[in-house]
Amino acid sequence: MIFFAVHLMGLVMLTLLVSVIFLNITKRNISAVILFTLQSIAISMGIFAAAWQEHSVELFFVGIFTLVVKGIISSVFFRRVIVRYSLQFSGTTYLNTPLTLIVVALLVGIAYSQLFTPLYVALVPPELFFLMKGILSALFVTLFLMVNKKGALSQIVGILSLENAIILIALLLGLRHSLQLEIAITFDITVWIVIAVVFLEMLYRQFGSFDVSTMNNLKE
Amino acid sequence: MFLIALLCVPLVATLITITTKKSYRLIEAVAFIASVLEAVFVVGLAGNFVQSASYQFAGYFAFDALSIYILILISTVVFFTSWYAIGYFRKEVEKEIVGFRRVREFYALFHLCVFAMIVAVATINPIVFWIALEATSLASVLLVSFYNKQSGTEAAWKYLIINSLSLLLAFLGTVLLSAAVGTHGTGGIVTWESLALAAHYIDPMVAKIAFVFIFVGYGTKVGWVPLHTWKPDVYSKAPTPLVACMSSAFLALAWYGVLRFVLIGRAIGIGHFIDTSFLFFGICSVAVGALIMLIQKNYKRFFAYSSIEHAGLLALGFGLGNAFGIYASLLHLLYHTLAKPLAFFGAGNIFLRYGTTKIAGVQGLSRVAPVTAIIFVFACVTLMGLPPFGIFSSELTLILAMFVSHPVVGAVVLLFLVISFIATLRIGSLLLTGEPSREIAERAGRESSHAVLAPAVVLAVLLLVLSVWLPLWLLSLLQGITTMFS
Chain X
3 MIFFAVHLMG
13 LVMLTLLVSV
23 IFLNITKRNI
33 SAVILFTLQS
43 IAISMGIFAA
53 AWQEHSVELF
63 FVGIFTLVVK
73 GIISSVFFRR
83 VIVRYSLQFS
93 GTTYLNTPLT
103 LIVVALLVGI
113 AYSQLFTPLY
123 VALVPPELFF
133 LMKGILSALF
143 VTLFLMVNKK
153 GALSQIVGIL
163 SLENAIILIA
173 LLLGLRHSLQ
183 LEIAITFDIT
193 VWIVIAVVFL
203 EMLYRQFGSF
213 DVSTMNNLKE
Chain Y
1028 MFLIALLCVP
1038 LVATLITITT
1048 KKSYRLIEAV
1058 AFIASVLEAV
1068 FVVGLAGNFV
1078 QSASYQFAGY
1088 FAFDALSIYI
1098 LILISTVVFF
1108 TSWYAIGYFR
1118 KEVEKEIVGF
1128 RRVREFYALF
1138 HLCVFAMIVA
1148 VATINPIVFW
1158 IALEATSLAS
1168 VLLVSFYNKQ
1178 SGTEAAWKYL
1188 IINSLSLLLA
1198 FLGTVLLSAA
1208 VGTHGTGGIV
1218 TWESLALAAH
1228 YIDPMVAKIA
1238 FVFIFVGYGT
1248 KVGWVPLHTW
1258 KPDVYSKAPT
1268 PLVACMSSAF
1278 LALAWYGVLR
1288 FVLIGRAIGI
1298 GHFIDTSFLF
1308 FGICSVAVGA
1318 LIMLIQKNYK
1328 RFFAYSSIEH
1338 AGLLALGFGL
1348 GNAFGIYASL
1358 LHLLYHTLAK
1368 PLAFFGAGNI
1378 FLRYGTTKIA
1388 GVQGLSRVAP
1398 VTAIIFVFAC
1408 VTLMGLPPFG
1418 IFSSELTLIL
1428 AMFVSHPVVG
1438 AVVLLFLVIS
1448 FIATLRIGSL
1458 LLTGEPSREI
1468 AERAGRESSH
1478 AVLAPAVVLA
1488 VLLLVLSVWL
1498 PLWLLSLLQG
1508 ITTMFS
């Protein structure tokens, strides 16, 4: 199941995990976008490495798609929204920073505990356990990010980070699709990003902020 | 050929709609003709299927009894919704609630939704199914904020985030299951069939984890409690024709996704885990749906909770794990898919007349709009499960099946069905009786328009006919699906 250098994959996993942990504590929107961009570039590098190892042209294109859509297009879109509405800070959380860090530590601890060992045993060889543990940690921390953050932009970045974590799992498990299917998935993600940005702008125009906790028109 | 035509119709309809300038009649005609053609091509596909017992196309698409059944349900809903939307939007344009651009946007995105639904049902690939289901969410989310109001935008945002998150979890579940196919010599191409064939290689523990993600993912689209939170908000804020489609066709499609994975799960040998999960989601949904229906102050939200309750009943039927329950659940899907758009057509007509979705704001419906009142009562009586309507027979069969294998579950569900019965009776009496306001009373007896009544009346007749008589081909389709699962 080892298609490419484990060490490079470890670096990609580490970038993902560290970026989602910092996404939880950063208050600046621009920092969140930079972290997501770094994370997406790392994922693309992972895909390029896999493409090189497997001599797969299809995977190479998948890497390019990921880099263009997540590393470039989404970053440009998000930056434009931040600049247009001068939204430097809005990534506030329901829990304060120390509590957020405690929960993040607990989630990482759970992923690294014996609880999920049977899952790792069933999915990957022992030398890849540390990768699965790291990716699962990133997945849990991202889910927590979605719940804990009040900012709409952070929620969008959270969804895209979750997607990155799933891509990494698929890569690790050796799951490959046809190029057409990868193009369809990339197109789907691109449309999702465009719609999410459209909604970000709508939210700001109608509510005056990206803070989702200010939205309470649906209480009946 | 029928499939190519079926896929082309909504795409062509989208193109014509977005290139049309200022002609309401043209986009309405395109929507109606497209829905008729889609229904005709689905009948053609079903005919081909009945003749050869299977239908495959180009190695990417295939149909079995389950997909044909779901496609028939979807095309029926699309036909009636397209028809109803014509009259509904004419009224909204007349009242200057929306303009041409909005109406055009609705039809264009609606056609895209239809295209995505057809692809989702026709594909043999679970990843393509996932993409298509996501596409239905993306196309419909823009319509949830159709009226450009704060509450609509909030509902749309909630819908976008919750559904995207849940679908990603479903994707993760699919990835975990698909990994087994890629590594066990089935060529790496993941299809529903290859997943079932690779079932023996899939570790049951991994499969259970994957199924948790799949249940959470597609279960959110179905609207099971506790994954239902987006549903009442979206149903109360989105335009009625879209809600009619979401509450029936979208639900059937998401349920189809769950059932596809259930077939794989049974092959893996985790049938008991799946059945228990269905019973859990089913009981929670029936209980919460019925209880909140009882205290609901908004009639569109009321029907949203009714949808949640019925989604629970669908799960319970399959959770019983016997042919009796599965058959009852499939039958229930048919009747609910027809009854819920009817209920929303009634709700839409009430909204057009009263301009509010608050129950307190609607009084004396029987005097103000008698035909709408009859449609509304018809829908309520159907959803309550009274004879001779189909939901009576499907619910009765479900309850009997429960008492045979799970008597405690049967008793609990029966109790909540009684509560939902009382809740529906309550809302019916509140809306129909009372004294309408002076402004409303002045226009008493004058119905909205034939364009919003005709589709509802025809749908009601169809529902009544199917309640007392099911064609032989439909029965054999239902039996075929029951055999697949039992």
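Residue numbers (the working numbering), protein chains in the order written: chain X, 3 to 222; chain Y, 1028 to 1513. In this text, a Cβ means the ideal position worked out from N, Cα and C, and glycines have one as well. For clarity, every value in this text was computed on a predicted model and none was experimentally measured.
Return the chain-ordered list of same chain residues with a C-beta closer than 8 Å to the C-beta of residue i, the five sequence neighbours on each side being excluded.
{"i": "F1238 of chain Y", "result": "G1200, F1288, G1292, I1297, F1300, I1301, S1304"}
{"i": "I1310 of chain Y", "result": "G1339, L1343, V1436, V1439, V1440"}
{"i": "I1386 of chain Y", "result": "Q1323, K1324, N1325, Y1326, F1329, I1454, L1457, L1458"}
Taking residue i as the reference, give the member of the options with the closest Cα.
{"i": "L1459 of chain Y", "options": "Y:K1118, Y:L1501, Y:P1268, Y:Q1390", "result": "Y:Q1390"}
{"i": "L18 of chain X", "options": "X:G210, X:T216, X:I43", "result": "X:I43"}
{"i": "V1435 of chain Y", "options": "Y:N1376, Y:L1347, Y:S1167", "result": "Y:L1347"}
{"i": "L1196 of chain Y", "options": "Y:I1236, Y:S1221, Y:V1069", "result": "Y:I1236"}
{"i": "V78 of chain X", "options": "X:L117, X:E129, X:I36", "result": "X:I36"}
{"i": "K152 of chain X", "options": "X:H179, X:I74, X:A186, X:K29", "result": "X:K29"}
{"i": "Y1111 of chain Y", "options": "Y:I1124, Y:A1279, Y:Y1134", "result": "Y:Y1134"}
{"i": "I1101 of chain Y", "options": "Y:T1364, Y:Y1087, Y:I1054", "result": "Y:T1364"}
{"i": "F1029 of chain Y", "options": "Y:N1175, Y:V1070, Y:L1427, Y:V1261", "result": "Y:V1070"}
{"i": "A1396 of chain Y", "options": "Y:L1358, Y:L1480, Y:I1426, Y:L1442", "result": "Y:L1480"}
{"i": "V143 of chain X", "options": "X:E203, X:Y122, X:L10, X:I161", "result": "X:I161"}
{"i": "V196 of chain X", "options": "Y:A1234, Y:L1187, Y:V1404", "result": "Y:L1187"}
{"i": "K1118 of chain Y", "options": "Y:S1476, Y:L1491, Y:I1151, Y:A1483", "result": "Y:S1476"}
{"i": "L220 of chain X", "options": "Y:K1258, Y:N1152, Y:F1084", "result": "Y:K1258"}
{"i": "S1191 of chain Y", "options": "Y:P1231, Y:D1230, Y:G1246", "result": "Y:G1246"}
{"i": "I1449 of chain Y", "options": "Y:S1513, Y:L1358, Y:V1431, Y:L1318", "result": "Y:L1318"}
{"i": "L1286 of chain Y", "options": "Y:S1312, Y:P1463, Y:W1219, Y:A1143", "result": "Y:W1219"}
{"i": "V1130 of chain Y", "options": "Y:V1398, Y:M1273, Y:R1052, Y:T1384", "result": "Y:R1052"}
{"i": "S21 of chain X", "options": "X:S139, X:W54, X:F80", "result": "X:S139"}
{"i": "G1225 of chain Y", "options": "Y:I1241, Y:A1206, Y:L1360", "result": "Checking the displayed sequence, the identity of residue 1225 of chain Y turns out to be Ala instead of Gly. Here the closest residue by C-alpha is Y:A1206."}
{"i": "T1424 of chain Y", "options": "Y:A1166, Y:V1249, Y:L1357, Y:E1123", "result": "Y:L1357"}
So, at 7 Å on beta carbons, what are the nonlocal neighbours of residue i in its own chain, with the 5 sequence-adjacent residues on each side left out?
{"i": "A1223 of chain Y", "result": "L1290, I1291, A1294"}
{"i": "T102 of chain X", "result": "N26, I27, T95, N150"}
{"i": "V105 of chain X", "result": "L97, F146"}
{"i": "L1410 of chain Y", "result": "S1333, A1366, A1370, I1418, T1451"}
{"i": "A1092 of chain Y", "result": "L1504, G1507, I1508, M1511"}
{"i": "A1406 of chain Y", "result": "A1366, L1369, A1370, G1373"}
{"i": "T39 of chain X", "result": "G73, S77"}
{"i": "A181 of chain X", "result": "Residue identity differs from the one stated: residue 181 of chain X is Leu in this sequence, not Ala. So the qualifying residues of the chain are E60, F63."}
{"i": "I49 of chain X", "result": "L61, V64, G65, T68, L173"}
Tell me the DSSP bridge mates of residue i?
{"i": "K1385 of chain Y", "result": "Y:N1325"}
{"i": "T1150 of chain Y", "result": "Y:F1088"}
{"i": "Y1082 of chain Y", "result": "Y:F1090"}
{"i": "K151 of chain X", "result": "X:T95"}
{"i": "D213 of chain X", "result": "X:G153"}
Going by beta carbon distance, what residues of the same chain come within less than 6 Å of residue i, once the five residues before and after it are set aside?
{"i": "Y96 of chain X", "result": "N150"}
{"i": "I1194 of chain Y", "result": "The sequence as given places Leu at residue 1194 of chain Y; Ile does not occur at that position. Cβ neighbours of L1194 of chain Y beyond the five flanking positions: E1161, G1244."}
{"i": "I158 of chain X", "result": "A198"}
{"i": "A1040 of chain Y", "result": "V1057, A1061, H1138"}
{"i": "Y1262 of chain Y", "result": "V1270, K1327, A1331"}
{"i": "S1094 of chain Y", "result": "V1148"}
{"i": "V1146 of chain Y", "result": "A1159"}
Name the residues in the stretch 1064–1091 of chain Y whose C-beta lies less than 8 Å from a C-beta of chain X; which are they?
When C-beta distances to chain X are compared with 8 Å, every residue of the stretch 1064–1091 of chain Y stays at or above that value.
4-residue-minimum alpha helix (DSSP H) runs that sit fully inside the stretch 1395–1443 of chain Y, ordered along the chain:
Here the runs fully enclosed are 1397–1411, 1417–1432.
Identify each residue in the stretch 1242–1263 of chain Y for which the Cβ-Cβ distance to at least one residue of chain X is less than 9 Å, and report them in chain order.
Taking 9 Å as the upper bound on Cβ-Cβ separation, chain X lies near residues P1259, D1260, S1263 of the stretch 1242–1263 of chain Y.
Output needed in chain order: residues of the stretch 169–194 of chain X with a Cβ under 7 Å from some Cβ in chain Y.
Answer set for the stretch 169–194 of chain X: I171, A172, L175, G176, L177, R178, H179, L183, A186, I187, D190, V193, W194.
Could you name the residues of the stretch 1269–1301 of chain Y whose beta carbon sits closer than 8 Å to any beta carbon of chain X, in the order they occur along the chain?
Result list empty, no residue passes.
Given a limit of 9 Å on CB to CB distance, which residues of the stretch 1121–1133 of chain Y reach chain X?
Residues: none.
Uninterrupted alpha helix (DSSP H) stretches inside the stretch 19–79 of chain X (no shorter than 4 residues):
Listed in chain order, the complete alpha helix (DSSP H) runs (minimum 4 residues) inside the stretch 19–79 of chain X are 31–56, 59–68.
What residue ranges within the stretch 1316–1361 of chain Y form continuous alpha helix (DSSP H) runs of no fewer than 4 residues, ordered along the chain?
You should have 1326–1346.
Under 7 Å (Cβ pairs) to chain Y, residues found in the stretch 117–148 of chain X:
Contacts with chain Y (Cβ-Cβ distance below 7 Å) from the stretch 117–148 of chain X involve P120, L121, A124, L125, M148, listed in chain order.
Counting only Cβ-Cβ distances shorter than 7 Å, please list the residues of the stretch 32–58 of chain X near chain Y, keeping chain order.
Of all residues in the stretch 32–58 of chain X, none places a beta-carbon less than 7 Å from a beta-carbon of chain Y.
Just to confirm the assignment: which complete alpha helix (DSSP H) runs, minimum length 4, are found wholly within the stretch 1464–1497 of chain Y?
Taking only runs of at least 4 residues, the alpha helix (DSSP H) segments lying wholly in the stretch 1464–1497 of chain Y are 1465–1469, 1477–1495.
Can you list, in chain order, the stretches of the alpha helix (DSSP H) that have 4 or more residues and sit fully within the stretch 1128–1183 of chain Y?
The stretch 1128–1183 of chain Y contains these whole alpha helix (DSSP H) runs: 1153–1171.
By the 8 Å beta-carbon criterion, what residues does the stretch 1182–1205 of chain Y contribute toward chain X?
The stretch 1182–1205 of chain Y vs chain X, Cβ under 8 Å: A1182, A1183, W1184, K1185, L1187, I1188, S1191, L1192, L1195, F1198, L1199, V1202, L1203, S1205.
What residue ranges within the stretch 151–198 of chain X form continuous alpha helix (DSSP H) runs of no fewer than 4 residues, ordered along the chain?
With a minimum length of 4 residues, the continuous alpha helix (DSSP H) runs that stay inside the stretch 151–198 of chain X are 154–174.
Taking Cβ-Cβ distances below 8 Å as the criterion, which residues of the stretch 1144–1165 of chain Y are in contact with chain X?
For the stretch 1144–1165 of chain Y, which is checked against every Cβ of chain X, the residues closer than 8 Å are N1152, I1154, V1155, I1158, E1161, A1162, L1165.
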